[in-house]
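The block underneath contains the structure these notes are about, expressed in structure tokens.
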Amino acid sequence: MKFQNLLFFSIFLMGCNTTPPVKVIDPRPATELALIKKFHVSDSLFTSESNEIKKKEVYDKQKTELEKFIIDALPAEVKEWHAIVYKIEVDDYIEVTLLIPESGSLNENDKYPQYDNIVLFSNESLNDSPVKTSLKELSKGDQVLVTGSFEKDEIGNPYLDSNMDDLGNRNGFIFSNPKINFKIKSITKQEVSNK
């Protein structure tokens with residue numbers, strides 16, 4: 048009897064000593080996470096449809112909803128979104144490509160990360176400006192905090208396209224690999240801590 052009581056008491060104590068589950072908090076702004084989720088849902092709806100006619104209808108509806116979401120639900124200026132510098136090239140302007148990974152970080156084994164993430168694309172002036180000064184300090188792979196706004200076309204829709212268009216692909220990649228034209232107001236390198 049003493050053994051049973053001791054066993055029961057030991058099990059009871061073990062149950063009391065369990066630590067509560069750890070909740071992982073994503074430090075990215077809620078607006079950034081909402082956009083990532085919206086693209087993920089649109090991509091899921093599009094890829095799950097097997098009928099080509101319905102797939103086209105899903106594409107049209109989801110693209111319209113995404114454009115409306117960017118215009119209506121997101122603020123005119125997004126602040127301190129977390130991104131990763133993919134490339135900075137100079138021609139007649141400074142071409143900046145930033146990646147917003149769904150998980151918050153790039154997959155190290157991904158050979159073509161520009162085709163698996165949301166892409167913010169920006170053309171910046173070569174004239175001296177605070178943005179140009181900040182861009183001089185950045186390199187490929189740097190984690191940054193970016194503030195700015197989505198550029199719109201002549202009818203007020205955001206420039207939303209597939210980053211795969213350069214390869215001749217269309218439609219559904221707009222959800223899994225979108226490219227959005229973005230005007231950078233400020234960009235700063237994020238210090239990464241090694242915990």
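Numbering (the numbering used here), first residue to last: 48 to 242.
Backbone N, C-alpha and C define an ideal beta-carbon position, used for all residues, glycine too.
Nearest to I221 by alpha-carbon distance, out of E142, V88 and S169, is V88.
Collapsing the DSSP output to three states places I227 in a strand.
Residue environment for Y106: buried (at least 16 other C-beta atoms within 10 angstroms of its C-beta). Beta bridge pairing from DSSP links F197 with F229. The continuous beta strand (DSSP E) containing L146 extends over residues I141 to I147. Just measuring C-alpha positions, the residue of L80, D139, I234 and D119 sitting nearest P205 is D119. Three or more beta-carbon pairs separated by less than 8 Å are not found between the stretch 95–105 and the stretch 187–201, which leaves the two stretches without contact. In the three-state reduction of the DSSP assignment, S97 falls in the coil class. In this structure F229 is not in contact with L182, their Cβ atoms being roughly 13 Å apart against a cut-off of 8 Å. S89 sits in a helix when the DSSP states are folded into three classes.
Under the three-state reduction of DSSP, L182 is assigned to helix. Within the model, the alpha-carbon separation for N224 versus I234 is close to 22 Å. Each of I227, N174, S150 and L80 was checked against the Cα of D138, and the nearest Cα belongs to N174. In the three-state reduction of the DSSP assignment, N210 falls in the helix class.
Taking C-beta separations shorter than 6 Å and ignoring five residues to either side along the sequence, the partners of D90 in its chain run F222 and S223, following chain order. In this structure, I141 sits away from W128, with a CB-CB distance that is not shorter than 8 Å.
In the DSSP assignment, N170 falls within the unbroken beta strand (DSSP E) covering I165 to E171.
Your pair E171 and V143 checks out as a contact, with CB atoms roughly 6 Å apart and the cut at 8 Å.
Around the beta carbon of G195, 16 or more other beta carbons sit within 10 angstroms, so the residue counts as buried.
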